[in-house]
Structures are given as structure tokens and as C-alpha cells.
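Under my numbering, the first residue of the sequence shown carries the number 1232, and numbering increases by one thereafter.
Beta carbons are placed, not taken as given, at the ideal position from N, Cα and C, and that holds for glycine.
Please read all numbers here as calculations on a predicted model, not as lab measurements.
These notes are about the structure you will find just below.
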Amino acid sequence: MEFDDLSQSGIRRIANYSPYLDQLAGFASEMGLRQRSNLVHLERCLNTEWSLGQNCILSWCPHDDGILVLVLPHYAIAEYTSTPDADSSGTQNVSAQFLTELISGDRQLRLSQIQKVSRLLNVEPKFIALRQPLSDHPVETQIVEKMVRRYGINYVDSRAVTLFDIVGFGLLSPFLQMTQLNSLAYSLNSAHAKMLELDVRINFARSSSGDGFYIWNRDHGLEANVDLYHFMHLVLADNAIARSKTAAKSVPRLKACFHVGSCYEFHQAEGLNPTMHDFIVGDVTIELARIIEAAMPGQILVGDFMADLSDQIAGAVDSQVNLDAVTFLQRAQNNLTKLSGLELSGDRVTAIKCYLTGERLESGDFNIRRLHIKDKHGLTRSAYNAKINIYRDNAEPILLGIEDNKLVPAQPAH
């Protein structure tokens, strides 16, 4: 392929090869064709360094008429953290915390930083010569960052994730399994479309759990996490409406769980290239998988989490600021005004109430009780039972979740 070809066929080949330009189409139009072809060349070079998934690209920085990249075999990352101090030869090992910081946040480093990291890891930076130097344009930098992340691993310390699980999935015929997964996928898309109509720009991603989906918001922060919680409401509401309109088994019965925790993001290999969509695995997905096992059909559980807000609050650089699950749900309830004007099945929503359940006190109020769940490995973890009530004009309210007094005795309160 001749990258300097300015014909229409050349433009099409460049656009088809580099999907990052499609993701940033509104911005990429600012770049000239030569600049775009330069990025396509870089993409091919990174793919070569990735070596069919054998290697991981950790960091990069512009240098002269190209870029420097740090490339490590995947197994080497674990070896660097195999011992806390030094090996038998006296060589200093890299701590797990150092590697975690390296794969968190932006991948671009300054030249002095990449040289220091290369010395610590005992690996020489690799120079990739480009057809022309990078322009330092913010959009170009963003595209290069996306490219490098695609061929590496990303660690997120605090991410909200929802798990939707189809009840009795393993007992269904293969045809019904396919049908119910498609129905759930439609509910996800329908909820996403409704939020976009209200100008709530949730950037959600999903990954199959086998009998359901993990859903997360690619955006970070408290508001992004709250948006994901409301997104869960709309998915469950769309599913409940669909179930009320059919007696067939094509619409699944769901149970759901919401949790905040750490995870690793990566791109699995598909054929000879990594996928464009990302996957996650980590403490948050493990907790969700364990908690959902104890959920009753139709139940909504919220993990007993502490969400890290230290990067969102001024003056909290040196001290961690956490938000517990109960306070998070209070924030979510106060944030429901952004869903005003929402319509479900043609009826305008007048109010949404989301809350954690508990027992009635003598005063007439309700407490919030923590459920203690013992998983199949004998480990105990905590969660909360959640209810969501959606009220509409000229229609019966949509009541999601299970009332506290209907919980099975296997979930005692303490």
C-alpha cells in the first residue's frame, strides 16, 4: 500500500485499516491525509511489536522523527514482581506497585521517564521510525494513546460494573439461550438510546459472562458511576415491560448486581489482531460473580464497596477520599433529575425511587441492613438488597427488586 496515495481508493484503504480514526471521526477530520497515513504506519509497527499477543506495550514517548516504546513479554511482568527486594544476583526487582502505576492512567511518558523505567526493567526502549514526526496535535496524541493501550494492559483502581444474569440460563435449550441473550442485548441498547435522548452520554462497554453481561462505563468518576447505576434501572425496566407483554420464554428473567472495585482492562486477540472492544477482569468482576450466585430471581444486589474519589476532589492528592455504598445510593437518588422527561413504553416517568432495603423500626422509619453472603468457596462477603420503583403517568408503576421481608433466610442481617 502506498500511504502517500491521495486518490479516493487510498483514502478508503487508510480509513478501513485504522479504526481509531472512525472512533474520533469528528476530530480526525482536522488531520491531513499524510498525517493519517503516518498513524496507520505506526499502527502496523505496534502490531508487529505485539507479536500475535506475546508482548505487551507498556509506555511510549515521541522521539526525533518517531517514537520510543517499552515492550515486554506478558510473562515478564509477573517475573519482575516475583520477589519484593532483590534476586540472588543482587539485581533490584520492580515492585508490584510500580508496575501497577505504570499501567494506570496515560501511557505517554517524558523521555527522561521512559529512560528511567527502561533501566529499572532492564529492557531497552525500541525506536519506531515514522514517515514524518508526530505533530503534537492533541487529537493525534489521543489516537496514539489508544493504539498503545490496545496492545497493552490497563489497571483501573475504582470502576463501577453491573452484572446482569439470566435466571435458569443453563436449563434452557440452545435456541432459547440465544433468544434470551438477544432480548437482554436489546434492553441494553434500548436503555442506552433513552439515556442519549436525555443527553446523558454514557460510554458503556459490555463483556459476556456466559449467561449474561458485565456492563461498565468507560468514563471515570462519581457521575459516570451514578450514570451506570441509572442505566441498570432502565435495562431492568425495559426487560420488565417486555416480560409483561409476552407469555413466551423469549424474554429472560433477570437478577442483577452492582459493585465498584479494581480491574484490569485488556483487548483479547481475535485472529491475528487484538479486538477493538475491551474486556475487564479483576476484584470487581470476581465480587460480582460471587454475589450474583446468592441473588434470588428478580433481585438486585449492591456490593459493600468503597469508591475512591481522591482524583475528583480538590486538595485530596495525598489523602484518599472514599464513598461507601450507602452514601453512593443517596447520591444516585439525588441525581435522578437528569432522567426527567423519560418515557417508558410510551408513558412519561413521573418519579423514580432507588433505595437499599431494611427492617421497619419502631419509629416507622426503615434501617438499611447489610446482608452476609457465603460463597461456594466458604468466603463471606457483604452486600445490600436494592429496590427501584418507577412511577409513570397513566400506567402501573414498575417495581424492580425484592422487598426486604421476602428475602430468603440464607441472607441474614447483622
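query: Give the straight-line distance between the Cα atoms of Leu1283 and Asn1504, rounded to the nearest whole angstrom.; result: 7 angstroms
query: Indicate the three-state DSSP secondary structure (helix, strand or coil) for Glu1496 in the structure shown.; result: strand
query: DSSP on Lys1357, reduced to helix/strand/coil?; result: strand
query: How would you call Asp1596, buried or exposed, if buried means at least 16 neighbouring beta carbons within 10 angstroms?; result: exposed
query: Within the stretch 1356-1385, note down every full alpha helix (DSSP H) run reaching 4 residues or more, in order along the chain.; result: 1369-1381
query: Can you find the residues in the same chain that come closer than 7 angstroms, C-beta to C-beta, to Ala1614, ignoring five residues on each side of it along the sequence?; result: Ile1522, Leu1532, Val1533, Gly1534, Asp1535, Leu1602, Ile1604
query: Whose C-alpha, out of Phe1559, Ala1526, Ser1418, His1294, is nearest the C-alpha of Arg1612?; result: Ala1526
query: Specify, as a first and last residue, the run of the beta strand (DSSP E) that Met1527 falls within.; result: Note, Met1527: premise wrong, no beta strand (DSSP E); not H, not E.
query: Within its chain, find whatever has a CB closer than 7 angstroms to the CB of Ile1384; leave out the 5 residues flanking it on each side and keep chain order.; result: Cys1287, Ile1334, Tyr1495, Phe1497
query: Any beta carbon of chain B sitting closer than 8 angstroms to that of Tyr1417?; result: Going by chain labels, chain B is absent from the structure shown, which holds only one protein chain.
query: Compute the beta-carbon to beta-carbon distance between Ser1290 and Leu1340, rounded to the nearest angstrom, for a pair I have assumed lies under 8 angstroms.; result: 5 angstroms
query: Looking at C-alpha atoms only, which residue of Val1580, Glu1574, Thr1477, Asn1636 is the closest neighbour of Leu1587?; result: Asn1636
query: Return yes when the Cβ of Lys1569 is within less than 8 angstroms of the Cβ of Gln1530, no when it is not.; result: no
query: Helix or strand or just coil, what does DSSP make of Asp1462?; result: The amino acid occupying residue 1462 in the given sequence is Phe; Asp does not appear at that position. Correct three-state label for Phe1462: helix.
query: By the 10 Å Cβ neighbour count, where 16 or more other Cβ atoms means buried, how is Tyr1661 classified, buried or exposed?; result: Residue numbering for the chain in the displayed model covers 1232 to 1645; residue 1661 lies beyond these limits and cannot be assessed.
query: Using CA atoms only, rank isn't needed, just tell me which of Ala1471, Gln1411, Pro1293, Thr1516 is closest to Tyr1445.; result: Thr1516
query: Shortest alpha-carbon distance to Asp1469 belongs to which of Leu1415, Lys1357, Val1325, Lys1618?; result: Leu1415
query: Just the Cα atoms here: how many angstroms apart are Leu1638 and Asp1578?; result: 31 angstroms
query: From the DSSP secondary-structure annotation, give me the bridge partner or partners of Lys1637.; result: Partner(s): none; Lys1637 has no beta bridge.
query: Taking the alpha carbon of Ser1576 as the point to measure from, which residue in Ile1621, Leu1277, Glu1274 has its own alpha carbon closest?; result: Ile1621
query: Would you kindly work out how many angstroms separate the C-alpha atoms of Tyr1382 and Asn1598, rounded to a whole number?; result: 48 angstroms
query: Please report the distance separating the alpha-carbon of Leu1610 from that of Glu1518.; result: 11 angstroms
query: Would the stretch 1388-1396 count as touching the stretch 1474-1493 if we require 3 or more Cβ pairs under 8 angstroms?; result: yes
query: For Asn1448, does the count of other Cβ atoms within 10 angstroms reach 16, so buried, or fall short, so exposed?; result: buried
query: Alpha carbon to alpha carbon, how far is Asp1295 from Phe1358? Give it in angstroms, no decimals.; result: 10 angstroms
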